[in-house]
Amino acid sequence: MSSIFTKIINREIPADIVYEQENIIVIKDIAPQAKIHLLIIPKKEIPTINDLEETDRDLIAEMFFVAKKVAKDLWVDEGYKLKFNVWEKWWQEVFHIHLHLLSDIK
Ligand code: AMP
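Each residue of the sequence shown is one higher than the one before, counting from 88 in the numbering used here.
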């Protein structure tokens, strides 16, 4: 079964899409924990950071470059936090990796 984020990527369910490129989509978090709370999501469905493979190196790097770009585009590049939650004991809810970008500086 595909993840909720794959359903968003495939436009099967709606989301507030902020940015999209070939391998990555950026959406607004539905339950924001800061004034700006985005999720940077690879289109490839990787369940957790523990499941990364060597071939995912470029994709993971690309996620951080997208984070840098959207932070600048939204004028929050003077202060923000990036985080991955990994597994349920550290509150991972959606098992399709995603990088949280949070900022309160706006
Ligand atoms: P995590 O706990 O790291 O797995 O984070 C999952 C995040 O996805 C949470 O912050 C949720 O609020 C967010 N989320 C879940 N469903 C959706 C959705 N349909 N659209 C946008 N964000 C979502």
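C-beta atoms are modelled at their ideal positions from N, C-alpha and C, and glycine is treated no differently.
Cβ-Cβ separation between valine 105 and lysine 115: approximately 6 Å, consistent with a contact (criterion under 8 Å). The stretch 155-170 makes contact with the stretch 182-191: 3 or more CB pairs, one atom from each, lie closer than 8 Å. Assignment of beta-bridge partners to histidine 124 by DSSP yields Leu189. For isoleucine 112, the beta-bridge partners assigned by DSSP are Glu107 and Ile128. Taking a contact to require three or more Cβ pairs closer than 8 Å, the stretch 121-133 and the stretch 170-187 qualify as touching. Looking from the CA of lysine 170, the closest CA among Phe92, Leu126 and Glu107 belongs to Leu126.
Leucine 139 sits in coil when the DSSP states are folded into three classes, being neither helix nor strand. DSSP places lysine 156 inside the alpha helix (DSSP H), whose first and last residues are 144-160.
According to the DSSP assignment, lysine 94 belongs to the alpha helix (DSSP H) that extends over 91-96. Non-local beta-carbon contacts of serine 90 in its own chain, meaning distances under 7 Å to residues more than five positions away in sequence, involve Glu132, Val181, Phe182 and His183 in chain order. Rounded to whole angstroms, the gap between the alpha carbons of tyrosine 167 and proline 101 is 26 Å.
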